[in-house]
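J.:
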Amino acid sequence: MRTVIVGAGPTGLYTAIAVARRGHDVVVIDRDSGPDGEWWDRKGVMQFHHPHFFRRQVADALLAEMPEVWHGLLAAGAQAAAVPDQPGVLAGLHCRRLTFERVLRSAAQAQPGVTLRTGHVDEVSGRRGRATGVRVDGHQVDADLVIDAGGRSGRLTRALRAPAEGGECGISYVSRQYQLLPGAPYGPVNMPFGVMVTYPGYLAAVFLHDNRIVSTLIARASADRQLAALRAPAGFDAATRAIPALAAWTGPRQARPITPVLPGGRLYNSYRGQRNGAGRVALDGLICAGDTVCTTNPAAGRGVTTSLLQAQRLIGLLDEHGGDFTSCTLAFDRWCTEHIRPWFDDHVHWDTDLIRRWSGHDVDLTRPLPSDLIVAAAQADPQMLTVVGPYLAMLTPPSSLGAVQARAQEIYASGWRPPTPPGPSREELAAIATAAASARTAGTQHAA
Ligand SMILES: Cc1cc2nc3c(=O)[nH]c(=O)nc-3n(C[C@H](O)[C@H](O)[C@H](O)COP(=O)(O)OP(=O)(O)OC[C@H]3O[C@@H](n4cnc5c(N)ncnc54)[C@H](O)[C@@H]3O)c2cc1C
Numbered sequence: 001m002r003t004v005i006v007g008a009g010p011t012g013l014y015t016a017i018a019v020a021r022r023g024h025d026v027v028v029i030d031r032d033s034g035p036d037g038e039w040w041d042r043k044g045v046m047q048f049h050h051p052h053f054f055r056r057q058v059a060d061a062l063l064a065e066m067p068e069v070w071h072g073l074l075a076a077g078a079q080a081a082a083v084p085d086q087p088g089v090l091a092g093l094h095c096r097r098l099t100f101e102r103v104l105r106s107a108a109q110a111q112p113g114v115t116l117r118t119g120h121v122d123e124v125s126g127r128r129g130r131a132t133g134v135r136v137d138g139h140q141v142d143a144d145l146v147i148d149a150g151g152r153s154g155r156l157t158r159a160l161r162a163p164a165e166g167g168e169c170g171i172s173y174v175s176r177q178y179q180l181l182p183g184a185p186y187g188p189v190n191m192p193f194g195v196m197v198t199y200p201g202y203l204a205a206v207f208l209h210d211n212r213i214v215s216t217l218i219a220r221a222s223a224d225r226q227l228a229a230l231r232a233p234a235g236f237d238a239a240t241r242a243i244p245a246l247a248a249w250t251g252p253r254q255a256r257p258i259t260p261v262l263p264g265g266r267l268y269n270s271y272r273g274q275r276n277g278a279g280r281v282a283l284d285g286l287i288c289a290g291d292t293v294c295t296t297n298p299a300a301g302r303g304v305t306t307s308l309l310q311a312q313r314l315i316g317l318l319d320e321h322g323g324d325f326t327s328c329t330l331a332f333d334r335w336c337t338e339h340i341r342p343w344f345d346d347h348v349h350w351d352t353d354l355i356r357r358w359s360g361h362d363v364d365l366t367r368p369l370p371s372d373l374i375v376a377a378a379q380a381d382p383q384m385l386t387v388v389g390p391y392l393a394m395l396t397p398p399s400s401l402g403a404v405q406a407r408a409q410e411i412y413a414s415g416w417r418p419p420t421p422p423g424p425s426r427e428e429l430a431a432i433a434t435a436a437a438s439a440r441t442a443g444t445q446h447a448a
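Heads up: the sequence shown at position 222 corresponds to 222 in the working numbering, and the numbers run straight through without jumps.
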C-alpha cells in the first residue's frame, strides 16, 4: 500500500512510522523543511514555541509503537513528569514542542519505508470517487491512501467534508520561554505540567520543559481589551513579575528569557468528521486525523493526546480493514465521535462559561456546571477527587463528572467559591501591563 501523509506534525510523523513498520511505503509531505541548526522557525504551526505538556497517553503511545522515540526524548533532555505528591506515577513528559518534534522527525527520517518531502499539497486527486494521490506544487504523487494530518490550519480537505462545528474559543494566550540559571532551584508546582493559577478574569501558568527550560503563560478573554497590553513585551514582562507563581520561576536570579514574548494566534474548539455534507465518506481512500479532526483550547493540554489516540486507533483499523478504506473510514469516524468528540464538547461548555464568569458573572446554578467548576469544587470536598482525578488525567471521559455534578452544585449553592490565589486582580493586572507597555512606547518615542 502506497500512503501519502499530508503534514509532518505529531500526527503525521507518528502515523508514518507506524504504517511503515507494517511494511508499507509512506511519503510525508509538509511545507516546512525541518529544523535549521538549534532553532526551528516552524512553518504552519503557530503554537510551535508556545508551551506544550505531553500527557501520559502520549508517552504510552510512543512506548507501545516506537519506544526508541521515548528514550530519544529523555536522552535529549526531556523529563518524565510525575503526578504531584505521587512520585513515580508517570503523568507525562516535560518537553518543548521543538524537542519533541525534532526527535520524532529524526525517527521518521531513519525509518525504512518513510520518505519526508518538502512541498505544499495543493489538492487531493481522485478518480471515480476514489483518492489517487495528491498534487504537490503542481506535481502528482500517486497513492492508494491519503491521510490528511494537516493540523488546525490545514485547508486541504475542508471543502470535501461537512463544515466543522465550533469556532474560536474566545481565549487568547501570551507566553515566553526561559532558561533556568545554573544552580537556580525549581519553583513550586501544583500540576503535573508545572503550575496553574486561576483568577477571576485571567489565568497564569508555568510549564516545565526539557533541559531546565520553562515557559510562562497568561491567558485572558480575547474580548478583554483592558488586558490586551499583555501582548506588548513590556506589558507581559511586568505582568510576569507581578504574578507570584510566575515570578517564583523567572526572577533575574532564577532565569533568563530565551525567546521573545510570543502572542498566540487564534485558538479554536472545533470538530469535523470524515463525512461530506450528504453524510457519506468524502472520498474513498482519504482519511483525516489529528487536529484536522479535533482542535481544543490548549488550556488543558489535550491536543497531542487526542491526536495520537486517533493515530493509534487509525493504525489498528487500517490493519483490520486492509484495502477496504471506506469501511475503515466509517469505523474511524464512529470511534472519533465516541472517544474524541466528547473532549471538544467539554471544552466548548467550559470555555463559554469561563468567559461569562471572566466578564464578571457568578456561577450559574440553573444549568449543569462546566467541568472546570466541578474540578475546582474538589478543593471543598476532596472525596470528589476519586472522580475528578481520572477525568483530569483523561482516563475517564467528561461524562464521568456527572457522578459528582449534584455534589458540586450543592457546594456552590452553599456560597463556596474557589479561593483566589495571591496576586493582582484582573483590573490590577491590566493597570500594571498597560502602564509598562505605555512607558516603553513613550520611552521609545522620546528616544526617537
Ligand atoms: C497555543 C497552543 C498550545 C498548545 N499546547 C498543547 C499542550 O500543552 N499539550 C498538547 O497535547 N497539545 C497542545 N496543543 C495542541 C497541539 O499543538 C496540537 O494538537 C498538535 O499540533 C496537533 O498535531 P497535528 O500533527 O495534528 O497538526 P500540526 O502540528 O498542526 O501539523 C500539521 C502540519 O501539516 C502541515 N500542512 C498543513 N496543510 C498542508 C499542506 N496543504 N501542504 C503541506 N503541509 C501542510 C502544516 O504546515 C503542519 O506542519 C497546543 C495548541 C496551541 C494552539
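Cβ coordinates follow ideal geometry from the N, Cα and C atoms, glycine included.
Note that the coordinates shown come from a computational prediction; the quantities given were computed from them, not determined experimentally.
With the cut-off set at 8 Å, would you say residue 459 and residue 429 are in Cβ contact?
T.: The structure shown has nothing for residue 459, since the chain only spans 1 to 448.
J.: For the candidate residues 21, 236 and 376, whose alpha-carbon lies nearest to that of residue 257?
T.: As a first step, residue 257 must be located in the sequence shown, where it is residue number 257. Residue 257 has its Cα closest to that of 236, out of 21, 236 and 376.
J.: Output the distance between the C-alpha atoms of residue 187 and residue 301, rounded to the nearest integer angstrom.
T.: The sequence position of residue 187 within the sequence shown is 187, counting from 1. The sequence position of residue 301 within the sequence shown is 301, counting from 1. Taking the straight line from one Cα to the other gives about 21 Å.
J.: So is residue 265 in contact with chain B if we call contact Cβ pairs under 8 Å?
T.: Within the model displayed, chain B is absent; a lone protein chain is all it includes.
J.: Return the chain-ordered list of same chain residues with a C-beta closer than 8 Å to the C-beta of residue 492, the five sequence neighbours on each side being excluded.
T.: This structure cannot settle anything about residue 492, because the visible part of the chain is limited to 1 through 448.
J.: Helix, strand or coil for residue 366, going by three-state DSSP, please let me know.
T.: Translated into the one-based positions of the sequence shown, residue 366 becomes position 366. Residue 366 falls in the coil class under three-state DSSP.
J.: Can you say whether residue 89 is buried or exposed, counting buried as having 16 or more other CB atoms within 10 angstroms of its CB?
T.: Position 89 of the sequence shown, counting from 1, holds the residue named residue 89. Exposed: under 16 other Cβ atoms inside 10 Å.
J.: Flag residue 100 as yes when its Cβ comes closer than 7 Å to any non-hydrogen atom of ligand 1, and as no otherwise.
T.: On the sequence shown, residue 100 is found 100 positions in, with the first residue counted as 1. Result no, Cβ not under 7 Å from ligand 1.
J.: Ignoring anything shorter than 3 residues or poking outside the stretch 182-259, list the beta strand (DSSP E) runs there in chain order.
T.: With a minimum length of 3 residues, the continuous beta strand (DSSP E) runs that stay inside the stretch 182-259 are 194-199, 202-208, 213-221 and 255-257.
J.: Identify the continuous beta strand (DSSP E) that holds residue 374 and give its terminal residues.
T.: To locate residue 374, count along the sequence shown from 1; it is residue 374. From DSSP, residue 374 is part of no beta strand (DSSP E) but of the alpha helix (DSSP H) over 371-377.
J.: Counting Cβ pairs, one atom from each stretch, are 3 or more of them under 8 Å apart for the stretch 209-220 and the stretch 76-89?
T.: Output reads yes: the stretch 76-89 touches the stretch 209-220.
J.: Heavy atom of ligand 1 less than 7 Å from the Cβ of residue 11, yes or no?
T.: As a first step, residue 11 is located in the sequence shown; it is residue number 11 there, counting from the start. Correct: residue 11 has its Cβ closer than 7 Å to ligand 1.
J.: Apart from the five residues on each side of it in sequence, which residues of its chain come closer than 6 Å, Cβ to Cβ, to residue 279?
T.: Here residue 279 refers to the residue found at position 279 of the sequence shown. Excluding sequence neighbours, residue 279 sits near nothing in its chain.
J.: May I ask whether a heavy atom of ligand 1 can be found less than 7 Å away from the beta carbon of residue 426?
T.: Position 426 of the sequence shown, counted from the first residue, corresponds to residue 426. Not so, every heavy atom of ligand 1 lies at least 7 Å from the Cβ.
J.: Along the beta strand (DSSP E) that carries residue 88, what are the first and last residues, could you check?
T.: Position 88 of the sequence shown, counting from 1, holds the residue named residue 88. 86-94 is the extent of the beta strand (DSSP E) around residue 88.
J.: Using C-beta distances below 6 Å, list every residue in its chain close to residue 68, excluding the 5 sequence neighbours before and after it, in chain order.
T.: As a first step, residue 68 must be located in the sequence shown, where it is residue number 68. Excluding positions up to five away in sequence, the list is empty.
J.: Quick check on this structure: which residue in 383, 355, 349 and 16 has the alpha carbon closest to the alpha carbon of residue 369?
T.: Position 369 of the sequence shown, counted from the first residue, corresponds to residue 369. Here the closest residue by C-alpha is 349.
J.: How far does the beta strand (DSSP E) with residue 347 in it extend, from its first residue to its last?
T.: In the sequence shown, counting from the first residue as 1, residue 347 sits at position 347. Unbroken run through residue 347 is the alpha helix (DSSP H), 341-358; no beta strand (DSSP E).
J.: Should residue 181 go down as buried or exposed, given a rule of 16 or more other Cβ atoms within 10 Å for buried?
T.: As a working note, residue 181 is residue 181 in the sequence shown. Answer is exposed; the Cβ neighbour count stays below 16.
J.: Is residue 298 near ligand 1, in the sense that its beta carbon is under 7 Å from a heavy atom of that ligand?
T.: Within the sequence shown, residue 298 is the residue found at index 298, counting from 1. The answer is yes for residue 298.
J.: Throw me the rounded Cβ distance for the residue 115 and residue 30 pair, which I believe falls under 8 Å.
T.: Counting from 1 along the sequence shown, the entry for residue 115 is found at position 115. Counting from 1 along the sequence shown, the entry for residue 30 is found at position 30. About 12 Å separates the two Cβ atoms, so there is no contact after all.
J.: Looking at the secondary structure, which residues open and close the beta strand (DSSP E) in which residue 83 lies?
T.: What you label residue 83 is simply residue 83 of the sequence shown in a count that begins at 1. 79-83 is the extent of the beta strand (DSSP E) around residue 83.
J.: Please state if the CB of residue 165 and the CB of residue 271 are separated by a distance shorter than 8 Å.
T.: The residue you call residue 271 lines up with position 271 of the sequence shown. The residue you call residue 165 lines up with position 165 of the sequence shown. Contact: yes.
J.: With DSSP collapsed to three states, give me the class of residue 396.
T.: Taking the first residue of the sequence shown as 1, we reach residue 396 at position 396. Note: residue 396 maps to coil in three-state DSSP.
J.: Identify every run of the alpha helix (DSSP H) within the stretch 93-153, keeping only runs that are complete inside it and at least 4 residues long; order them along the chain.
T.: With a minimum length of 4 residues, the continuous alpha helix (DSSP H) runs that stay inside the stretch 93-153 are 97-110.
J.: Going by the CB atoms, is the gap between residue 433 and residue 239 shorter than 8 Å?
T.: Numbered from 1 along the sequence shown, position 239 holds the residue referred to as residue 239. Numbered from 1 along the sequence shown, position 433 holds the residue referred to as residue 433. Yes.
J.: Assign residue 284 to one of three DSSP states: helix, strand, or coil.
T.: Locating residue 284 in the sequence shown gives position 284, counting from the first residue. Of the three classes helix, strand and coil, the one that applies to residue 284 here is strand, per DSSP.
J.: State the CB to CB distance for the pair residue 259 and residue 177, rounded to an integer number of angstroms; the pair is presumed to be in contact (CB under 8 Å).
T.: As a first step, residue 259 must be located in the sequence shown, where it is residue number 259. As a first step, residue 177 must be located in the sequence shown, where it is residue number 177. Confirmed, about 4 Å.
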